[in-house]
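Take a look at the structure below.
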Amino acid sequence: MVQKSFTVYCNAAGLTLQSIANSPYALRAFITIIILIAEYKLFYFSNTERPPNFVPIKNIDMKIYLTAIIKAKEEYREEVATVLQNMVLQTRKEEASELYSLHQGIEDENVFTFYEIWKSKEGLDAHNQRPYIKAFGEVGEKLQEAPVVLLTTLI
1 MVQKSFTVYC NAAGLTLQSI ANSPYALRAF ITIIILIAEY KLFYFSNTER
51 PPNFVPIKNI DMKIYLTAII KAKEEYREEV ATVLQNMVLQ TRKEEASELY
101 SLHQGIEDEN VFTFYEIWKS KEGLDAHNQR PYIKAFGEVG EKLQEAPVVL
151 LTTLI
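Here it is in structure tokens:
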């Protein structure tokens, strides 16, 4: 049997399928690669060289992942929670929102954390202009500190 060696290119980094086959995590790694190919079209298979029209990851329109940490003053915790829960109910109706979940701290019930996934930056920008998001600004004095917001993408 003739073995062919293929290279997987991802953002200018190469990985041979032969090396994956020798890994104890071969099946899991291979399935991950197939999912990435199908979902994000990030990889290119070749038994020669990287194609001249190869697009690095940084040039592909990526989803936006947002984590927001909000600390309410204890005496306003329920009021802040109500505003945040309304934001969840309304935001989940937005087409650009893929995930919008609100969590409350176990050790400190005054801490609320949002985990969000947006289809695009434009979708997130439109979300931030919605009246129910702007209403969150009205509870600013009921927070211990300014919210911490982290915007990220997959790497």
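Taking my numbering, the leading residue of the sequence shown gets 1, the next gets one more, and so forth.
Even glycine gets a Cβ: it sits at the ideal position worked out from N, Cα and C.
My output table needs one value for Leu89: the three-state DSSP class, helix, strand or coil.
For the purposes of this step, residue 89 is taken as residue 89 along the sequence shown, with counting starting at 1. Reduced to three states, the DSSP call for Leu89 is helix.
Is DSSP giving Lys119 helix, strand or coil here?
Taking the first residue of the sequence shown as position 1, residue 119 is located at position 119. Three-state DSSP puts Lys119 in coil, outside helix and strand.
Just list the residues that DSSP pairs His103 with in beta bridges.
Looking up residue 103 in the sequence shown gives position 103. DSSP output for His103 lists Thr113 as bridge partner(s).
Within this structure, are the beta carbons of Ala68 and Val80 separated by less than 8 Å?
Residue mapping note: residue 68 aligns to position 68 of the sequence shown, counting from 1. Residue mapping note: residue 80 aligns to position 80 of the sequence shown, counting from 1. Not in contact: Ala68 and Val80 (Cβ atoms no closer than 8 Å).
Just to confirm my understanding: we take Thr113, look at its own chain, exclude 5 residues before and 5 after, and list those with CB closer than 6 Å. What are they?
Working through the sequence shown from its first residue, we reach residue 113 at position 113. Non-local C-beta neighbours of Thr113 in its own chain, meaning closer than 6 Å and more than five positions away in sequence, comprise Ile69 and His103, ordered along the chain.
Any contact of the region 93 to 101 with the region 142 to 153, i.e. 3+ C-beta pairs under 8 Å?
The region 93 to 101 vs the region 142 to 153: no contact.
Proximal residues to His127 (C-beta, below 8 Å), its chain only, five neighbours per side dropped
Working through the sequence shown from its first residue, we reach residue 127 at position 127. So the list reads Thr91, Glu94, Ala96, Ser97, Trp118 and Ile133, once near-sequence residues are dropped.
What are the boundary residues of the alpha helix (DSSP H) that includes Lys142?
Sequence index remark: in the sequence shown, residue 142 carries index 142 (1-based). Neither: Lys142 is in no alpha helix (DSSP H) and is coded neither H nor E.
What are the boundary residues of the beta strand (DSSP E) that Tyr65 is part of?
Indexing the sequence shown from 1 puts residue 65 at position 65. Counting along the chain, the beta strand (DSSP E) containing Tyr65 begins and ends at Ile64 to Lys71.
Report yes if the C-beta distance between Leu66 and Glu122 is below 8 Å; otherwise report no.
The residue you call residue 66 lines up with position 66 of the sequence shown. The residue you call residue 122 lines up with position 122 of the sequence shown. No, these two residues do not count as a Cβ contact at 8 Å.
Leaving aside the five residues before and after Glu74 along the sequence, list all residues of the same chain whose C-beta is less than 7 Å from its C-beta, in chain order.
What you label residue 74 is simply residue 74 of the sequence shown in a count that begins at 1. Correct list, in chain order: Asn110.
Contacts around Lys142, its chain only, beta-carbon distance under 7 Å, and the 5 residues preceding and following it disregarded:
Here residue 142 refers to the residue found at position 142 of the sequence shown. The answer, listed in chain order, is Ala72, Lys73, Tyr76, Glu79 and Val80.
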